[in-house]
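Report on the following structure.
Chains as they are written, first to last, in our numbering: chain U, 974 to 1389; chain E, 974 to 1389.
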């Protein structure tokens, strides 16, 4: 059966770097693509660079320059995806299915000129439609586009998923299938909680919270884009036939009322500025230099002021701790703070679920469960559908298990 | 001193794969480019893929497909040059000189759609001029261009040199500097004849004969293009400061009358079709299937016919021998030939020089010198400025030395 280009017969499959890390894996990806084609679907495949290619290219860049130009870095990195798409297209053709590879620019992906973190400004789908109409599987290089001047750009984190979602939106595809090295989204990291269960589906909003707070499957930027265009995304493993997890807007009523997962992140550090005068502009003075240094500040907690003096605590990625301290110390001194202290042995644990919006009491249950396990909560922050606690890294695994159990995540259909 | 873009202040430097095979070599290439820029010249640098990159990419292609699509192969291979130009541009910028890398397409190189051996149809120099006017060193990926549809093409053999010459012609540059791993063009291969001398200059025509007959420095297609646009090309080593050899049209009178070099090629094989009926169309019937199989036939000799039966001998690249025999045997049988025999232990030695055009006697001296050294000549073929003999491979080195001596190539300025 042949379907017209675009619409419900079209699927965008995305294959991450680990799925195409070798010639053998590329042949297996080609087989999966050909099966979808044989099922009567049109396939646009978005492919990332093979395995550690991007890291190797960046290492080369560092060998020739301490501060490589972002435009050159983009063109350099883009070759990784380009190599992968040509090989995937060849492997598909070797199975007797016509295929063509396209770079981001050839696929019509136009972006801003912000090298290293370009935004898609539009997709000119003419070539894509022409190739699909000609009966080709179209294999598109992820993570890249071109500016109006035809300079190559990359999207930064979440790159290839952003390409897949953007193409699905532009082509009005029925589905994005995001093939990666995990079998879907779990109620917790299975390495921390062996009883973690794969979720059948999850809402965009829940996925965004999970992604930020530890799940590495799909960057929040890509999830956000999928939510914006209401593109359903199936997360599944390219190494198995397991059914995966569907990210979409129509989560069943049963699941809406549930807590969906426990996210964990051990790679953080905590910085506390002690004895800060409590006056307007203090927070901006502290965090603006960090932003200028490219450091993302995560959880921020400010104690209630005592005699117009307060303590301000925040977390950063552990790899950013040294630079953060260098940046913050002179500022803190300048504003008359007493001291700056840090702790690189903390971790984040979060409970996530749209169910929280409707039912109170989740936070209390979470704090009680952690206390019962003698886990001290150092900081707390919440969103509408998430509660996050900072705990000692040594207690992270235990915290995940305690919460997984208290919220009954192991079982398929119970409610809290 | 800053000069306007194009014209006499502009030089196109070309760096081959061995010249950019490592980060260290790339930094040294960047230094050479910056020196030229500091001398007040504008520089367009054309760069090949690092070291064995192209071979590695082709090996990957073979791992996923027995017969990779030429379009995909072109896009795949083009990434090798793209990686190299970004690294060279970064290395130049690290030395404080502004630089930008351009793919063949970005540099405006438009080609035919004949993948793997595309021809340049034109160069749109607008972006090149804009970047040069902005004070940038422009680093262009060699070997590649794009079709009207923006599909990436490659030029096949001689690729990056073709890019360099085409850009020099389009930008009206004063000179192409072809940096490679040899110090210039020699009177003979120094591995065969240690007394070989570097030529100060050589004509396009002589260079074409030398290139075909063994010198691997610059493919005849690139030399032909340089001759067509009268672009002078300096061949020099990127590993030394030796002055190199200038390929141009104005060879001095002194040198015009000389024999310039001895070329040698040991990688050939000889095929003889015995007892062929001597009637029209026989040669075409034999050679057309070889051409169809992509096999270049080189020296062809047909014996004088005896009783309307003749022997036909020709040479092919040694790597093509097996396929050639498979192709020729059924054809020869079909035309009633007695037998097909082959010899993979032969080699070619050639004497080259425009001087031959004006002075007879070179051939006689060559044959006499070889005979005096007991070297048997199996086949002979000549052009206006070249005499080629097929000899036993075991006697090739001796043949080169004998001819180098008899034509007095060791000394700078003697005439024959």
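We put the CB at the ideal spot given by N, CA and C, even for glycine.
No Cβ of chain U is located within less than 8 Å of the beta carbon of residue 1085 (chain E). For residue 1151 (chain E), the beta-bridge partners assigned by DSSP are E:987, E:1208.
Secondary-structure assignment with DSSP links residue 1015 (chain E) through a beta bridge to E:983. One thing to note: residue 1297 (chain U) has its Cβ no nearer than 8 Å to the Cβ of residue 1064 (chain E). In the displayed model, residue 1171 (chain U) falls within a strand according to three-state DSSP. Under the Cβ criterion of 8 Å, residue 1155 (chain U) is not counted among the residues facing chain E. Rounded to the nearest whole angstrom, the C-alpha separation of residue 1108 (chain U) and residue 1071 (chain U) is 7 Å. If you check the CB distance, residue 1020 (chain U) and residue 1143 (chain U) do not come in under 8 Å.
For the alpha helix (DSSP H) assignment, the uninterrupted runs of no fewer than 4 residues enclosed by the stretch 1224-1271 of chain U are, from N- to C-terminal side, 1226-1229, 1255-1265. In the DSSP secondary-structure assignment, residue 1285 (chain E) is bridged to E:1246, E:1275. Closest option to residue 1027 (chain U), judged by alpha-carbon separation, among U:1130, U:1082, U:1078, U:1003: U:1130. For residue 1118 (chain U), there is no enclosing alpha helix (DSSP H); the residue is part of the beta strand (DSSP E) that begins and ends at 1117-1119.
The DSSP-derived three-state label of residue 1040 (chain U) is coil. About 17 Å separates the beta carbon of residue 1157 (chain E) from that of residue 1237 (chain E), a gap too long to meet the 8 Å contact definition. Taking 7 Å as the Cβ-Cβ cut-off, the stretch 987-1009 of chain E approaches chain U at 996, 999, 1000, given in chain order. A distance below 7 Å between beta-carbons, with the five flanking residues on each side excluded, links residue 1049 (chain U) to the following residues of its chain, in chain order: 1030, 1034. For the set E:1199, E:1327, E:1191, E:1239, the Cα lying nearest the Cα of residue 1146 (chain E) is the one of E:1199. Think of a sphere of 7 Å around the beta carbon of residue 1034 (chain E): the chain U residues whose beta carbon falls inside it are 1060, 1063, in chain order. Distances from the alpha-carbon of residue 1176 (chain U) to those of U:1161, U:1149, U:1206 put U:1206 closest. Cβ neighbours of residue 1141 (chain U) within its own chain (closer than 7 Å, five residues either side excluded): 985, 1149, 1204. For residue 1053 (chain U) and residue 1137 (chain E), the gap between their C-alpha atoms comes out near 26 Å. Between residue 1320 (chain U) and residue 1369 (chain U), the beta carbon gap of about 4 Å places them in contact (Cβ cut-off 8 Å). Taking a C-beta cut-off of 8 Å against chain U, the contacting residues of the stretch 1021-1045 of chain E are 1030, 1033, 1034, 1036, 1037, 1038, 1039, 1040, 1041, 1042, 1044, 1045, listed in chain order. In this chain, residue 1089 (chain U) is not harboured by any beta strand (DSSP E), its DSSP state being neither H nor E.
Scanning its chain for C-beta atoms nearer than 7 Å, with the 5 sequence neighbours on each side dropped, one finds around residue 1044 (chain E) the residues 1088, 1124, in chain order.
Put simply, the backbone Cα of residue 1032 (chain U) is about 36 Å away from that of residue 1095 (chain E). By the C-beta criterion, the stretch 1247-1265 of chain E is judged not to be in contact with the stretch 1339-1346 of chain E, since fewer than 3 inter-stretch pairs fall below 8 Å. The stretch 1349-1359 of chain U and the stretch 1270-1283 of chain U touch, with no fewer than 3 CB-CB distances between them shorter than 8 Å. Sequence-distant Cβ neighbours of residue 1181 (chain E) in its own chain, meaning closer than 8 Å and more than five residues away, are 1193, 1196, 1197, 1200. Residue pairing from DSSP places residue 1159 (chain E) in a beta bridge opposite E:1171. Within the stretch 1122-1133 of chain U, the residues whose Cβ lies closer than 9 Å to any Cβ of chain E are, in chain order, 1122, 1123, 1124, 1125. In the DSSP assignment, residue 1031 (chain E) forms no beta bridge with any residue. Beta-bridge annotation (DSSP): residue 1095 (chain E) is paired with E:1083.
If you draw a straight line from the Cα of residue 1002 (chain E) to the Cα of residue 1133 (chain E), it is about 16 Å long. Remark: C-beta atoms of residue 1170 (chain E) and residue 1159 (chain E) approach each other more closely than 8 Å. Against chain U, the beta carbon of residue 1048 (chain E) has neighbours under 7 Å at 1055, 1059, 1074, listed in chain order.
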